[in-house]
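**Student:** Handing you this structure, nothing more for now.
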Amino acid sequence: MAFRVVLIENEVSIKVKLDNLIITKENKDIWIPLADLSMIVFDNLSSELSTRLLCKLAKYGIGLIICDQEHLPTGYYSSYDNHSRAAKVLEYQINKEKEYYGRLWAKVVEAKIQNQARAYYIIKNDNSGACQIAEFSREITNADKTNREAHAAKVYFNLLMGTSFSRGNEDILLNSGLDYGYAVLRGFVARACVGYGLNTQIGIHHKNEYNRFNLVDDLMEPLRPIVDIVAYKLLDGELYFKPEHRRALVNILNLKIKYRDKKMYLCNMIENYVEQYSSLIMGRSENLIFPDVDNFLGEETDEI
245 MAFRVVLIEN EVSIKVKLDN LIITKENKDI WIPLADLSMI VFDNLSSELS TRLLCKLAKY
305 GIGLIICDQE HLPTGYYSSY DNHSRAAKVL EYQINKEKEY YGRLWAKVVE AKIQNQARAY
365 YIIKNDNSGA CQIAEFSREI TNADKTNREA HAAKVYFNLL MGTSFSRGNE DILLNSGLDY
425 GYAVLRGFVA RACVGYGLNT QIGIHHKNEY NRFNLVDDLM EPLRPIVDIV AYKLLDGELY
485 FKPEHRRALV NILNLKIKYR DKKMYLCNMI ENYVEQYSSL IMGRSENLIF PDVDNFLGEE
545 TDEI
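The opening residue of the sequence shown carries number 245 in the numbering used here; numbering runs sequentially from there.
Structure below.
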């Protein structure tokens with residue numbers, strides 16, 4: 245299973261040889277087997293990519309995230325539906341009834357809100373605030389028609405950052421960290437979806453015709469609070485979004501979590517989670533187990 249996530253911050257020469265990625269910096273070559281790579285993050289505007297390299301990345305199912313001059317992820321590249329049974333999985337996705345997706349979305353929202361409550365408690369050690377957030381998870385209707393998700397998010401971020409906080413404010417440092425971390429997570433979930441033959445445009449709740457990753461945005465909702473914990477602890481008291489912050493957020497995929505009674509890396513958990521969703525859609529399983537923030541272990545040093 246591919247496990248390496250590579251962050252490229254400096255101007256380097258990149259090529260492919262004998263199914264290895266070769267990164268040349270200051271006349272020194274770093275060889276990385278393509279089979280070991282799950283994701284590459286380019287945070288440098290000077291390095292050039294060849295079409296041959298992009299073809300190899302697609303063949304091996306390696307995701308590629310491109311960052312802009314502000315060091316924020318702005319684009320994602322992945323293989324295009326290269327699963328051998330993509331058409332069969334697509335048929336299952338299309339044929340699911342609206343009511344089915346409505347019930348499933350209610351479960352996604354419930355898991356997200358509960359994780360937000362747990363994340364808030366982990367960060368602030370405030371049981372009263374955590375209970376206030378969690379209360380919204382008990383009010384969810386089919387398809388979350390009363391939009392408990394948005395109401396919970398507003399209370400969550402207001403308690404976490406104050407009532408003046410806005411997720412759209414680019415001047416707030418935490419937003420840079422959240423955007424960066426969410427983009428890394430989004431890219432990996434997209435990679436996993438394609439790997440299991442899922443059409444990422446067919447979402448559970450998100451239906452934007454211009455969004456290539458509707459399903460990805462649905463599945464990652466319960467995972468966002470994990471990024472919140474890492475980004476908040478990383479940037480609390482900081483003045484600038486530094487390279488070491490970006491490296492730590494890319495490394496989030498290598499942090500550990502207990503999932504389905506097993507300790508694993510976050511990247512492996514995401515693969516497992518997406519595989520479950522694929523099985524659920526195809527009728528091979530009856531339940532989707534959502535990651536629990538209480539089981540997030542971070543940089544625990546014990547062997548898995």
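Ideal placement from N, C-alpha and C gives every residue a C-beta, glycine not left out.
Relative to the alpha-carbon of L417, which residue among Y454, F485, V474 has its alpha-carbon at the smallest distance?
**Tutor:** Here residue 417 is taken as the residue at index 173 of the sequence shown, counted from 1. Out of Y454, F485, V474, F485 has the C-alpha closest to the C-alpha of L417.
**Student:** According to DSSP, what are the bridge partners of S257?
**Tutor:** Counting from 1 along the sequence shown, the entry for residue 257 is found at position 13. According to DSSP, which records beta bridges pairwise, S257 is partnered with T268.
**Student:** Expressed to the nearest angstrom, what Euclidean distance is found between the alpha-carbon atoms of L532 and M283?
**Tutor:** Position 288 of the sequence shown, counting from 1, holds the residue named residue 532. Position 39 of the sequence shown, counting from 1, holds the residue named residue 283. For L532 and M283, the distance between alpha carbons rounds to 25 Å.
**Student:** Just mark W275 as buried or exposed, buried being the case when its beta carbon has 16 or more other beta carbons within 10 Å.
**Tutor:** If you number the sequence shown from 1, residue 275 lands on position 31. Label assigned to W275: exposed.
**Student:** Give, in chain order, every unbroken run of the beta strand (DSSP E) that is at least 3 residues long and sits entirely within the stretch 409-454.
**Tutor:** none
**Student:** Please report the straight-line C-alpha distance between D462 and I448, rounded to a whole angstrom.
**Tutor:** Here residue 462 corresponds to residue number 218 of the sequence shown, with the count starting at 1. Here residue 448 corresponds to residue number 204 of the sequence shown, with the count starting at 1. Cα to Cα, D462 sits roughly 6 Å from I448.
**Student:** For E335 and I525, I'd like the C-alpha separation in whole angstroms.
**Tutor:** What you label residue 335 is simply residue 91 of the sequence shown in a count that begins at 1. What you label residue 525 is simply residue 281 of the sequence shown in a count that begins at 1. So the alpha carbons of these two residues sit roughly 10 Å apart.
**Student:** Mind listing, in chain order, the continuous alpha helix (DSSP H) runs of no fewer than 4 residues lying wholly within the stretch 299-377?
**Tutor:** 330-339, 342-368
**Student:** Drop a sphere of 10 angstroms on the beta-carbon of Y364, count the other beta-carbons inside from all chains shown, and report buried for 16 or more, exposed for fewer.
**Tutor:** Position 120 of the sequence shown holds residue 364. Looking at its Cβ environment, which holds 16 or more other Cβ atoms inside 10 Å, Y364 is buried.
**Student:** Just to confirm the assignment, what range does the beta strand (DSSP E) spanning F457 have?
**Tutor:** Against the sequence shown, residue 457 aligns to sequence position 213. Counting along the chain, F457 falls outside any beta strand (DSSP E), and DSSP gives it neither H nor E.
**Student:** Express the C-alpha separation of E414 and V471 in angstroms, rounding to a whole number.
**Tutor:** By one-based count along the sequence shown, residue 471 stands at place 227. By one-based count along the sequence shown, residue 414 stands at place 170. Taking the straight line joining both Cα atoms gives about 18 Å.
**Student:** Closer than 6 Å by C-beta to N359: which residues in its own chain qualify, once you throw out the five before and the five after it? Chain order, please.
**Tutor:** By one-based count along the sequence shown, residue 359 stands at place 115. Here the set comprises P466, P469, V537.
**Student:** Under the rule that 16 or more other beta-carbon atoms within 10 Å means buried, what is N443, buried or exposed?
**Tutor:** For the purposes of this step, residue 443 is taken as residue 199 along the sequence shown, with counting starting at 1. Per the 10 Å Cβ criterion, buried.
**Student:** Figure out for me which residue from H315, S257, C437 has the closest Cα to the Cα of A330.
**Tutor:** Along the sequence shown, read from residue 1 onward, the residue named residue 330 stands at position 86. Of H315, S257, C437, the residue nearest in Cα terms is C437.
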